[in-house]
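For reference, the structure discussed in these notes is given below.
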Amino acid sequence: MANIINIETSTDCCSVALTGDMAVLADFRDLHGRNHAELIGGYVKQCLDAAREQERKIDAVAVSIGPGSYTGLRIGLSEAKGLAYALGVPLIGVPTLHIMATNVMFNHFNIDLSTRFAPMIDARRMEVYTCVLDMWLRELMPAAPMILTPDSYGELLEQGPLLFMGNAIEKARTVISHPNAIWVEDINPLAADMLALSEKAFRDGNFIDVAYSTPLYLKDFQATTPKNNIL
482 MANIINIETS
492 TDCCSVALTG
502 DMAVLADFRD
512 LHGRNHAELI
522 GGYVKQCLDA
532 AREQERKIDA
542 VAVSIGPGSY
552 TGLRIGLSEA
562 KGLAYALGVP
572 LIGVPTLHIM
582 ATNVMFNHFN
592 IDLSTRFAPM
602 IDARRMEVYT
612 CVLDMWLREL
622 MPAAPMILTP
632 DSYGELLEQG
642 PLLFMGNAIE
652 KARTVISHPN
662 AIWVEDINPL
672 AADMLALSEK
682 AFRDGNFIDV
692 AYSTPLYLKD
702 FQATTPKNNI
712 L
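Its first residue numbered 482, the sequence shown is counted upward by one per residue in this note's numbering.
Structure follows, in structure tokens:
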């Protein structure tokens with residue numbers, strides 16, 4: 482099994498985890514702010530220290546590739562690229578929405594093989610980044626920005642229960658009302674939940690370019706002037 486440093490900075494949460502032997506070996510996170518640029522370097526150092534103490538050689542670096550906060554994604558990918566280059570190891574890009582579905586799949590719900598997941602990330606106003614995944618993380622609805630309406634996910638909801646999760650579910654609840662909509666609280670994309678995804682990508686040799694890879698924004702990036710340290 483590979484020893485991987487996983488980095489996740491796509492939302493308000495900032496987290497870095499060391500995984501190996503299909504277990505989380507070290508996990509550092511901040512769930513309540515947007516101080517990613519200040520925190521991430523220290524979290525990475527703590528994971529490197531943990532690997533050194535356990536005499537583990539880092540085999541790869543994995544990063545949550547998006548969608549999410551433009552600035553957060555750039556911070557995470559920049560850190561991951563620099564680390565992968567410095568260590569001379571491959572870089573793995575993990576879809577952020579898949580991380581959230583994996584969290585629910587393994588930790589939070591009584592599910593079966595027919596379960597479907599609708600992770601969503603707030604994209605301001607009534608827009609979200611979302612997709613729909615089955616138990617094998619196959620996309621039943623491709624990842625895309627969506628403006629929420631009462632008809633959002635309509636046909637998929639008619640087909641059976643759909644588990645919604647992420648930091649946009651509160652506003653989604655105000656417009657989506659269906660007996661098959663199941664709302665799973667307090668799910669954030671976290672580095673520790675990248676474990677199975679980054680390990681599989683490593684086994685499959687599914688790497689991204691250390692020099693030229695870019696975040697999966699899903700929308701064109703528009704630069705704005707930061708206010709009050711908001712990403």
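Don't be surprised by glycine CBs; every beta carbon is placed ideally from N, CA and C.
Keep in mind the model is a prediction, meaning the values are calculated, not measured.
Beta strand (DSSP E) segment containing residue i, residue limits
{"i": "residue 598", "result": "598-603"}
{"i": "residue 614", "result": "608-614"}
Residue i, DSSP secondary structure in three states
{"i": "residue 487", "result": "strand"}
{"i": "residue 585", "result": "helix"}
{"i": "residue 536", "result": "coil"}
{"i": "residue 546", "result": "strand"}
{"i": "residue 500", "result": "strand"}
{"i": "residue 711", "result": "Summary for residue 711: the model assigns pLDDT 38, below 50, so the residue's position carries little reliability, and this model does not support an answer."}
{"i": "residue 594", "result": "coil"}
{"i": "residue 528", "result": "helix"}
{"i": "residue 618", "result": "coil"}
{"i": "residue 578", "result": "helix"}
{"i": "residue 506", "result": "strand"}
Cβ shell of residue i (< 6 Å), same chain only, five flanking positions each side left out
{"i": "residue 607", "result": "628, 629"}
{"i": "residue 549", "result": "491, 492, 577, 602"}
Neighbourhood of residue i by C-beta distance below 8 Å, restricted to the same chain and skipping five residues each side
{"i": "residue 555", "result": "696"}
{"i": "residue 625", "result": "610, 611, 612, 699"}
Close-in-space but distant-in-sequence residues of the same chain around residue i (CB under 7 Å, 5 per side omitted)
{"i": "residue 585", "result": "598, 644, 646, 665, 668"}
- Query: With a cut-off of 8 Å, do at least 3 Cβ pairs link the segment 612-620 to the segment 588-604?
  - Reply: yes
- Determine contact between the segment 630-647 and the segment 559-574, defined as no fewer than three beta-carbon pairs at a distance below 8 Å. no
- Query: Do the segment 693-700 and the segment 521-533 meet, that is, are 3 or more Cβ pairs less than 8 Å apart?
  - Reply: no
- Complete runs of the beta strand (DSSP E) confined to the segment 620-708 [at least 3 residues]: 620-628, 643-646, 662-665
- Would you call the segment 500-514 and the segment 663-682 touching, i.e. three or more CB-CB distances under 8 Å? yes
- Start-end ranges of the beta strand (DSSP E) lying completely within the segment 552-576, minimum 3 residues: 572-576
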